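Here's the structure we're looking at; comments come further down.
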Amino acid sequence: MSENNKAILEAANAANAAGNYEGFLSFCTDDTKWTFVGDKTLNGKAAVRQYMAETYIEPPKFTVANLIAEGDFVTAVGDITLKDADGKADHYSYCDVWRFRGDKMVELRAFVIKTEVKDETSSVL
Numbered sequence: 001m002s003e004n005n006k007a008i009l010e011a012a013n014a015a016n017a018a019g020n021y022e023g024f025l026s027f028c029t030d031d032t033k034w035t036f037v038g039d040k041t042l043n044g045k046a047a048v049r050q051y052m053a054e055t056y057i058e059p060p061k062f063t064v065a066n067l068i069a070e071g072d073f074v075t076a077v078g079d080i081t082l083k084d085a086d087g088k089a090d091h092y093s094y095c096d097v098w099r100f101r102g103d104k105m106v107e108l109r110a111f112v113i114k115t116e117v118k119d120e121t122s123s124v125l
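UniProt numbering numbers the first residue of the sequence shown as 1 and each following residue consecutively.
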């Protein structure tokens with residue numbers, strides 16, 4: 001089950017990165033619950049759809065450093081870049097803990113912090 005859940009999350013994330021939000025949502029249960037720890041909770045697929053429409057001005061760009069699966073859970077650790085309405089890119093590090101019911105994502109607990117991207121061309125000695 002764990003490896004199957006990882007494959008499901010990878011397919012869902014690929015749809016999300018391609019801007020296919022309905023494709024992503026097809027991997028979620030109708031009663032999916034997303035908790036952004038310290039921020040807000042979204043209850044149901046309609047609330048997630050609205051969040052995606054408001055937040056994903058462009059498809060998010062993300063890098064998954066690790067996917068860890070056990071039982072009904074898959075944890076993803078990585079970085080994400082989102083553009084705001086003004087076209088400015090904001091960078092975040094995240095740890096998403098997904099719970100699965102059958103072959104669908106039923107719950108997300110997301111730990112997200114805004115990060116600054118360091119300019120690799122300059123250094124302070």
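The C-beta atom is built at its ideal place from N, Cα and C for all residues, glycine as well.
All values derive from a computational prediction rather than experimental measurement.
N-terminal and C-terminal residue of the alpha helix (DSSP H) that residue i is part of
i: phenylalanine 27; result: First-last for phenylalanine 27: undefined, no H or E at that position.
i: isoleucine 57; result: No alpha helix (DSSP H) holds isoleucine 57; DSSP gives it neither H nor E.
Proximity below 8 Å, CB of residue i to CB of residue j
i: isoleucine 80; j: proline 59; result: no
i: threonine 35; j: leucine 108; result: yes
i: alanine 76; j: leucine 67; result: yes
i: glycine 100; j: asparagine 5; result: Reading off the sequence shown, one finds phenylalanine at residue 100, where the question assumed glycine. A contact, by the Cβ cut-off of 8 Å.
i: threonine 29; j: valine 106; result: yes
i: alanine 69; j: glutamate 3; result: yes
i: aspartate 84; j: isoleucine 57; result: yes
Residue i: first and last residue of the uninterrupted beta strand (DSSP E) it sits in
i: asparagine 20; result: Where asparagine 20 is concerned, there is no enclosing beta strand (DSSP E), given that its DSSP letter is neither H nor E.
i: aspartate 90; result: 89–101
i: valine 37; result: Element bounds for valine 37: n/a, residue is neither H nor E.
i: glycine 78; result: 73–83
Nearest-angstrom beta carbon gap, residue j and residue i [assumed within contact, 8 Å]
i: valine 64; j: phenylalanine 111; result: Between phenylalanine 111 and valine 64 the Cβ distance is about 15 Å, and since that is not below 8 Å, they are no contact.
i: glycine 44; j: aspartate 31; result: 6 Å
Rounded separation between residue i and residue j - CA only
i: arginine 49; j: lysine 88; result: 22 Å
i: valine 74; j: aspartate 86; result: 33 Å
i: tyrosine 94; j: isoleucine 113; result: 6 Å
i: asparagine 13; j: alanine 53; result: 16 Å
i: phenylalanine 62; j: glycine 102; result: 26 Å
i: tyrosine 51; j: lysine 33; result: 12 Å
CB contact below 8 Å: residue i versus chain B
i: phenylalanine 62; result: Structure shown: chain B not included; a single protein chain is present.
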